[in-house]
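What follows is a set of notes on a single structure, which appears directly below.
2 protein chains.
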Amino acid sequence: MQRSPLALPFPDLPAIAGVRIGTASVPYKPWTRDCVTLVELAADTAVAGVTTRSQCPSPEVELCRARLPGGRARGLIVNAGNSNAFTGAAGRAAAHAQAARVAEVLGCSADAVFSASTGVIGVPLPVDLALAGVDKAHARLGQADWLAATHAIGTTDTFPKAATTSAIVGGVRVKLVGIVKGSGMIAPDMATMLGFIFSDAVIAPALWQQMLNAAVAGSFNCITVDSDTSTSDTVLAFATGAAGHAELASMDSPGADALAAALADLCRQLAIAVVRDGEGAQKLITVTVTGAVDDGSARRVAMSIANSPLVKTAIAGGDANWGRVVMAVGKAGEPAERDSIAIRFGDTLVASAGAVVPGYDEAPVAAHLAGPEVRIAVDLGLGPGRAQVWTCDLTHGYISINADYRS
Amino acid sequence: MQRSPLALPFPDLPAIAGVRIGTASVPYKPWTRDCVTLVELAADTAVAGVTTRSQCPSPEVELCRARLPGGRARGLIVNAGNSNAFTGAAGRAAAHAQAARVAEVLGCSADAVFSASTGVIGVPLPVDLALAGVDKAHARLGQADWLAATHAIGTTDTFPKAATTSAIVGGVRVKLVGIVKGSGMIAPDMATMLGFIFSDAVIAPALWQQMLNAAVAGSFNCITVDSDTSTSDTVLAFATGAAGHAELASMDSPGADALAAALADLCRQLAIAVVRDGEGAQKLITVTVTGAVDDGSARRVAMSIANSPLVKTAIAGGDANWGRVVMAVGKAGEPAERDSIAIRFGDTLVASAGAVVPGYDEAPVAAHLAGPEVRIAVDLGLGPGRAQVWTCDLTHGYISINADYRS
Numbered sequence: 179m180q181r182s183p184l185a186l187p188f189p190d191l192p193a194i195a196g197v198r199i200g201t202a203s204v205p206y207k208p209w210t211r212d213c214v215t216l217v218e219l220a221a222d223t224a225v226a227g228v229t230t231r232s233q234c235p236s237p238e239v240e241l242c243r244a245r246l247p248g249g250r251a252r253g254l255i256v257n258a259g260n261s262n263a264f265t266g267a268a269g270r271a272a273a274h275a276q277a278a279r280v281a282e283v284l285g286c287s288a289d290a291v292f293s294a295s296t297g298v299i300g301v302p303l304p305v306d307l308a309l310a311g312v313d314k315a316h317a318r319l320g321q322a323d324w325l326a327a328t329h330a331i332g333t334t335d336t337f338p339k340a341a342t343t344s345a346i347v348g349g350v351r352v353k354l355v356g357i358v359k360g361s362g363m364i365a366p367d368m369a370t371m372l373g374f375i376f377s378d379a380v381i382a383p384a385l386w387q388q389m390l391n392a393a394v395a396g397s398f399n400c401i402t403v404d405s406d407t408s409t410s411d412t413v414l415a416f417a418t419g420a421a422g423h424a425e426l427a428s429m430d431s432p433g434a435d436a437l438a439a440a441l442a443d444l445c446r447q448l449a450i451a452v453v454r455d456g457e458g459a460q461k462l463i464t465v466t467v468t469g470a471v472d473d474g475s476a477r478r479v480a481m482s483i484a485n486s487p488l489v490k491t492a493i494a495g496g497d498a499n500w501g502r503v504v505m506a507v508g509k510a511g512e513p514a515e516r517d518s519i520a521i522r523f524g525d526t527l528v529a530s531a532g533a534v535v536p537g538y539d540e541a542p543v544a545a546h547l548a549g550p551e552v553r554i555a556v557d558l559g560l561g562p563g564r565a566q567v568w569t570c571d572l573t574h575g576y577i578s579i580n581a582d583y584r585s
Numbered sequence: 179m180q181r182s183p184l185a186l187p188f189p190d191l192p193a194i195a196g197v198r199i200g201t202a203s204v205p206y207k208p209w210t211r212d213c214v215t216l217v218e219l220a221a222d223t224a225v226a227g228v229t230t231r232s233q234c235p236s237p238e239v240e241l242c243r244a245r246l247p248g249g250r251a252r253g254l255i256v257n258a259g260n261s262n263a264f265t266g267a268a269g270r271a272a273a274h275a276q277a278a279r280v281a282e283v284l285g286c287s288a289d290a291v292f293s294a295s296t297g298v299i300g301v302p303l304p305v306d307l308a309l310a311g312v313d314k315a316h317a318r319l320g321q322a323d324w325l326a327a328t329h330a331i332g333t334t335d336t337f338p339k340a341a342t343t344s345a346i347v348g349g350v351r352v353k354l355v356g357i358v359k360g361s362g363m364i365a366p367d368m369a370t371m372l373g374f375i376f377s378d379a380v381i382a383p384a385l386w387q388q389m390l391n392a393a394v395a396g397s398f399n400c401i402t403v404d405s406d407t408s409t410s411d412t413v414l415a416f417a418t419g420a421a422g423h424a425e426l427a428s429m430d431s432p433g434a435d436a437l438a439a440a441l442a443d444l445c446r447q448l449a450i451a452v453v454r455d456g457e458g459a460q461k462l463i464t465v466t467v468t469g470a471v472d473d474g475s476a477r478r479v480a481m482s483i484a485n486s487p488l489v490k491t492a493i494a495g496g497d498a499n500w501g502r503v504v505m506a507v508g509k510a511g512e513p514a515e516r517d518s519i520a521i522r523f524g525d526t527l528v529a530s531a532g533a534v535v536p537g538y539d540e541a542p543v544a545a546h547l548a549g550p551e552v553r554i555a556v557d558l559g560l561g562p563g564r565a566q567v568w569t570c571d572l573t574h575g576y577i578s579i580n581a582d583y584r585s
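The listed protein sequences derive, respectively, from chains A and B. For reference, each letter of the first sequence is one residue, going 179 to 585 in my numbering. For reference, each letter of the second sequence is one residue, going 179 to 585 in my numbering.
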């Protein structure tokens, strides 16, 4: 699979005290690369998480959902090559057996182990391989760096995606590192987005969850590649407490604002990296909607634009087809007045007051659309609501990846 | 543009007493074919209509919406090649001027004229051409047959789409004919679905509207090519009253049931014909959902499957990828229990009880998927709700039509 033309270089990432990683190879797929990732976390690590809204989630998602209220984590196990989704009782048993083995090798309670799997749907996770993977990865704990882990959680991603940031909390620089795998598919059935965030922050689990919810709302929940939702989407955030500052217990604690802002920034970087590796993506599209009646309405209009196949194919073709943007606004079902809508491509006002602008010159728009990053801005002229979402164009590459194949 | 492999032959259609058609060529586009269609309707023709739910409709749609409550029609004018959508005051003035000219040449009240336009968005309908088109088509009234009219309302349709049926009402055979243009696009911006239905039934407008609403709910509102909604979608139904039976005034009138059933059947035929001419379509997909908590929930799950790019590309590739169907059920946001879902491709049960069926044999499924008509059935196992919707596969043809082009 060709590296995405929108790929970013792998960043320099600091170590996070309290995090040790081991990876291993077990043949869920005929791969030679590592596909099992074990993370050991310091005692009392706070955990927060957000999982897919799918009504048909994988047993790993259900396991995370059940354990997140406990707020504490000691281990994380990630399988790549098999999502274990829609595998009935056999799949559930395999997920629980693997997590139990992690608890055993790390010497922690079963409730402190979290897991995620990504890959083909409908094939139960082979329990013997899953257990062997834990043992092999455990034997190599501390030997894998961030890049190795990012590769090991990936499926058909065309480049490894990670980000880092920091915040000053109580006079201490708190570090955050995130790794993510996305939607670069060669074989079908591998569409899951998994994100794992590690920090040395000292923070109460409830507050960490609150910060993660807010960060995800403005990042992972504002991206779309093809409007489809995986059975396995999971974002987990771990705070080991190694930074040593006074524990953050509420948003009123000094430094909480800074940490929340850093977490939001990290999530946004990771989410946009996923879109940059969208299937067949040639262009990153940022859709900004302002002037909606409220933020929720703005988000729904923005997602209607970002999910429209006709808008996405127009951008793929470098076509300044603002009529399709009007169409996508109109179909969103949100309050909109045709004659008060303004549309911009890049910095150029294209349409306003219900019609194309007088003397519209397409040249600067065509130049903007020829680049790898396209901005579409719509002002509805109704109220204070605003939202920003990210997507990619819809190309022959998407069809080739998803249709020109038989399982 | 190549004729759709799913094209149907043009049916034999009866004349409808009280309907006279003329077509004309005016160069909205550099076409030599006719692109203006004028229909003269008998005095007291009942009219019913359903228009797009877009918040950004064309002025023609607004004109129809304003006049439908009157319930009576004498004229219809259809322009192909220019949708007149998002054209501000100039477009509104052109639409009203053209309708006024129709009223003038037919000698009827302005409120009895209906109109529809399809084609490029954002270019005001040239009023001089629009008026000349009315005059030229009027001079040829009665010379155009159904096939000529079907061609003249089309844009980039790859085959002409029409259907007929009949019902016995009060001992008289009432005839119905429908013509439709759909979503076969070469140039972008031409995605509108227009449908026009003509009958000699004698019926009160309010009842005719009630029958049309029910028929559209199970037909035109149950199809999707790419989830996008035109600014101009319009279905108008005209009943000239020439059949001479006693006027139908309510669903209790003898024969009303038969007419409603015939209208529903006609709409279903026309709607499926639109899908057969979907952009790039190689396969017609029928999605049936049963066992939902209610019919509305079933329809939303069915549309989630029918709109999923991953499902549609899998079908394009002949891939029995039932995991993507699970995904689409899960993302619909409707009540669903993973472990009570059953999935069939064609006549083969593929998955049930939350997992693939024991001993699943893919051979009959692959054979079914190799054909031009694919059936996907999902039983949610929860309640009595059911729905059926139609879509087509997502192919390289769709991308070529919509992206490999610059306006």
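Virtual Cβ for every residue (Gly too), placed ideally from N, Cα, C.
Compare the beta carbon distance of residue i and residue j with 8 Å and say whether it is the shorter of the two.
i: residue 254 (chain A); j: residue 398 (chain A); result: no
i: residue 579 (chain B); j: residue 457 (chain B); result: yes
i: residue 243 (chain A); j: residue 229 (chain A); result: yes
i: residue 194 (chain A); j: residue 215 (chain A); result: no
i: residue 463 (chain A); j: residue 571 (chain A); result: yes
i: residue 250 (chain A); j: residue 225 (chain A); result: yes
i: residue 350 (chain A); j: residue 421 (chain A); result: yes
i: residue 286 (chain B); j: residue 257 (chain B); result: no
i: residue 409 (chain B); j: residue 528 (chain A); result: no
i: residue 259 (chain A); j: residue 415 (chain A); result: no
i: residue 413 (chain A); j: residue 378 (chain A); result: no
Who are the near neighbours of residue i in its chain, counting only those whose CB is closer than 6 Å to its CB and skipping five residues on each side?
i: residue 277 (chain A); result: 291, 293
i: residue 469 (chain B); result: 557, 558, 559, 560
i: residue 245 (chain A); result: 289
Got a sec, what are the start and stop residues for the alpha helix (DSSP H) residue i sits in?
i: residue 242 (chain B); result: 237-245
i: residue 276 (chain A); result: 266-284
i: residue 501 (chain A); result: 500-509
i: residue 543 (chain B); result: 541-548
Mind checking which residues open and close the beta strand (DSSP E) that includes residue i?
i: residue 555 (chain B); result: 551-557
i: residue 293 (chain B); result: 291-298
i: residue 577 (chain A); result: Where residue 577 (chain A) is concerned, there is no enclosing beta strand (DSSP E), although the alpha helix (DSSP H) it sits in stretches over 574-581.
i: residue 254 (chain A); result: 250-260
i: residue 527 (chain A); result: 526-530
i: residue 520 (chain B); result: 520-523
What are the partner residues of residue i, as DSSP defines its beta bridges?
i: residue 234 (chain B); result: Partner(s): none; residue 234 (chain B) has no beta bridge.
i: residue 416 (chain B); result: B:225, B:376
i: residue 218 (chain B); result: B:198, B:253
i: residue 569 (chain B); result: B:402, B:463
i: residue 533 (chain A); result: A:530
i: residue 563 (chain B); result: B:470
i: residue 191 (chain A); result: Beta-bridge pairing links residue 191 (chain A) to no other residue.
i: residue 426 (chain A); result: A:381
Could you name the residues of the same chain whose beta carbon sits closer than 8 Å to that of residue i, not counting the 5 residues immediately before and after it, in chain order?
i: residue 438 (chain B); result: 389, 392, 393, 429
i: residue 502 (chain B); result: 486, 488, 489, 492
i: residue 189 (chain A); result: 340, 341, 342
i: residue 508 (chain A); result: 514, 516
i: residue 241 (chain A); result: 273, 274, 277, 292, 293
Quick one: what's got a C-beta closer than 7 Å to residue i's C-beta in the same chain, skipping five residues either side?
i: residue 169 (chain B); result: In the structure as shown, chain B begins at 179 and stops at 585. Residue 169 (chain B) is therefore absent and cannot be evaluated.
i: residue 425 (chain A); result: 380, 381, 382
From the beta carbon of residue i, is the nearest beta carbon of chain E less than 8 Å away?
i: residue 233 (chain B); result: No chain E is present in this structure, whose protein chains are A and B.
(Q) Could you tell me which whole beta strand (DSSP E) segments of length 3 or greater appear in the stretch 438-496 of chain B? (A) 462-470
Q) Can you list the beta strand (DSSP E) stretches of 3 or more residues lying completely in the stretch 305-385 of chain B, in chain order? A) 339-347, 350-359, 372-377
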